[in-house]
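**Q** My questions will all concern the structure given below.
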Amino acid sequence: MGFAFERFEAPVNWPRVASTNVTHLERTHNHRRVLDFLADVTVGDVDDGFLDASKAQLKALRYLQLSVQYLLHSQHALKSQNDAFETGLRRLAKREAAEKKRCTKRRSQLAVLRDESDRLSDILSTYHTTLEAIDPDLAASLAQDHDGRVVVHPADHPDLAASRDRDGRVVVHPADHLVTVRRNIPARSTFDDDSTSDDDDDDDDDDVDSPPKHGMRRLRLDRPQP
Numbered sequence: 001m002g003f004a005f006e007r008f009e010a011p012v013n014w015p016r017v018a019s020t021n022v023t024h025l026e027r028t029h030n031h032r033r034v035l036d037f038l039a040d041v042t043v044g045d046v047d048d049g050f051l052d053a054s055k056a057q058l059k060a061l062r063y064l065q066l067s068v069q070y071l072l073h074s075q076h077a078l079k080s081q082n083d084a085f086e087t088g089l090r091r092l093a094k095r096e097a098a099e100k101k102r103c104t105k106r107r108s109q110l111a112v113l114r115d116e117s118d119r120l121s122d123i124l125s126t127y128h129t130t131l132e133a134i135d136p137d138l139a140a141s142l143a144q145d146h147d148g149r150v151v152v153h154p155a156d157h158p159d160l161a162a163s164r165d166r167d168g169r170v171v172v173h174p175a176d177h178l179v180t181v182r183r184n185i186p187a188r189s190t191f192d193d194d195s196t197s198d199d200d201d202d203d204d205d206d207d208v209d210s211p212p213k214h215g216m217r218r219l220r221l222d223r224p225q226p
């Protein structure tokens, strides 16, 4: 904010100044009465010939008037800055309230997601237990990465129907819910090796995606809908 001194052009009411008891104003701290002389003190033309004062006295009055002008300018500048700070503080208070509300909502959503994660972890544990009964070797090679995806080392099961991620790992995508393994597992509702027959294989063709010519069987891992 720029500053420039104002010219001393206002007429001074010398009779009123002369009749004022300055000592009483000082003793009673009557600042309201002092403000009545603000124009005389700041921009009054004290060199109008009314005073019988020396040049040194008039120069001292000029210095005082310049000082008062700058003090008033400083007061105005500080008030403007204070108003701006208070406006910004109110704006930040509103933003803080909104962020607290948003944070509370996020905490609630996080609690729901944690419950869902625990539920899915229990389901995945059940699937893994089932897979251990079907294929212990495959079950031992499965793991979850940091994103929660099921991964398996390709060297352990080269026939696994899955894709590779950008790190070269074989990934079973959660959207697929299918793990394809080439094993000598009969395509039937039970896994008793001593009761396998051609008729049983024909009856179970509807349960698999393709005829188990080489013992191929799809283990469907469908997650239940929440």
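Residues 1 to 226 in UniProt numbering are what the sequence shown spells out, letter by letter.
Every residue, glycine too, gets a C-beta built ideally from N, C-alpha and C.
(1) Starting from Ala-97, trace the beta strand (DSSP E) both ways and give me its first and last residue.
(2) Please state the DSSP three-state secondary structure of Ala-143.
(3) Whole angstroms are fine: how far does the CA of Ser-108 sit from the CA of His-73?
(4) Could you tell me whether the Cβ atoms of Phe-5 and Thr-20 are closer together than 9 Å?
(5) Does the Cβ of Asp-135 have 16 or more other Cβ atoms within 10 Å, making it buried, or fewer, making it exposed?
(6) Alpha carbon to alpha carbon, how far is Ser-13 from Gln-81?
(7) In whole angstroms, what separates the C-alpha of His-146 from that of Tyr-127?
(8) Between the stretch 48-61 and the stretch 84-95, do three or more beta carbon pairs fall short of 8 Å?
(9) Nearest-angstrom Cα distance between Leu-25 and Phe-3?
(10) Classify Gln-65 as buried or exposed, calling it buried when 16 or more other Cβ atoms lie within 10 Å of its own Cβ.
(11) What number of angstroms, rounded off, separates the C-alpha of Leu-120 from the C-alpha of Lys-101?
(12) If you count every other CB in all the chains shown that lies within 10 Å of the CB of Val-46, and 16 or more means buried, which is it?
(13) Take Tyr-70 and list the residues in its own chain whose beta-carbon comes closer than 6 Å to its own, dropping the five residues that flank it on each side.
(14) Reducing DSSP to helix, strand and coil, say where Ala-18 ends up.
(15) Is Val-46 helix, strand or coil when you go by DSSP?
(16) For a test of the three-state rule: what should DSSP assign to Val-12, helix, strand or coil?
(17) Would you grab the beta carbon distance between Thr-42 and Val-68 for me? Rounded to a whole angstrom, and I think it's under 8 Å.
(18) Identify which residue in Arg-149, Glu-132, Thr-129, Lys-94 has its Cα closest to the Cα of Ser-117.
(19) Leaving out five residues on either side along the sequence, give the residues of the same chain with a beta carbon under 8 Å from the beta carbon of Ala-39.
(20) If you measure between the beta carbons of Phe-8 and Arg-62, is that distance less than 9 Å?
(21) Please work out which residues of its chain come closer than 8 Å, Cβ to Cβ, to Val-34, disregarding the five sequence neighbours upstream and downstream, and give them in chain order.
(22) Would you list the residues sitting across from Val-34 in a DSSP beta bridge?
**A** On the basis of the coordinates in this document:
(1) Premise fails: Ala-97 lies in the alpha helix (DSSP H), 55-134, not in any beta strand (DSSP E).
(2) strand
(3) Going from the Cα of His-73 to the Cα of Ser-108 covers about 53 Å.
(4) no
(5) buried
(6) The residue you asked about is not Ser; residue 13 is Asn in the sequence shown. C-alpha separation (whole angstroms): 35 Å.
(7) In a straight line, the C-alpha of His-146 is about 19 Å away from that of Tyr-127.
(8) no
(9) 31 Å
(10) Looking at its Cβ environment, which holds 16 or more other Cβ atoms inside 10 Å, Gln-65 is buried.
(11) 29 Å
(12) buried
(13) none
(14) Helix.
(15) If DSSP states are grouped into helix, strand and coil, Val-46 belongs with coil.
(16) coil
(17) Right, the Cβ-Cβ distance comes to about 5 Å (below 8 Å), so this counts as a contact.
(18) Arg-149
(19) Ala-10
(20) In this structure, Phe-8 sits near Arg-62, with a CB-CB distance shorter than 9 Å.
(21) Leu-25
(22) Bridge partners of Val-34: none, in fact.
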